[in-house]
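First the structure, in the form of structure tokens, and then the observations on it.
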Amino acid sequence: MTQSLLLVLTTVATRADADALARAMVEQRLAACAQISAIDSVYRWQGAVQSEGEFRVLFKTTVERYPALEAALRSSHPYKLPAIVALPVVQALPAFADWVITEVNCPLVIE
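One point on numbering: in the working numbering, the residue at position 21 of the sequence shown is 240, and numbering is uninterrupted.
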């Protein structure tokens, strides 16, 4: 399989928001996996430097699924201006890459 892998990340304020985004994107097969990490963010917002705890959600997906993943994140993200960043995967274990590709390309099963 020749599809390119991406790591897509975003941040949210609460663990509940992170869990909801992660579960929704994996359930919709827009990502094969999502990892959640607690982080400390320092950023400039509305003219002032801010610092607060956030949760980073890292999604594993493909270039082909990125537009749908981005659209779903934008429509359900709690932030007015969410950070949604895609990073190309230069190398990956072939079996892992195949797993990601298979998971995001399987038909969605509605129960």
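Ideal placement from N, C-alpha and C gives every residue a C-beta, glycine not left out.
No experiment lies behind these values; they were computed from the predicted model shown.
Query: Val309 beta carbon less than 7 Å from that of Phe278; Result: no
Query: Length of the line joining the Cα atoms of Leu312 and Ala250; Result: 17 Å
Query: contact_flag[the segment 318-328, the segment 255-270] where n(CB pairs < 8 Å) is 3 or more; Result: no
Query: Where the beta strand (DSSP E) containing Thr233 begins and where it ends; Result: Looking at the DSSP string, Thr233 is not in any beta strand (DSSP E), and its letter there is neither H nor E.
Query: Closest Cα partner of Ser270 within the set Ala232, Cys325 and Phe315; Result: Ala232
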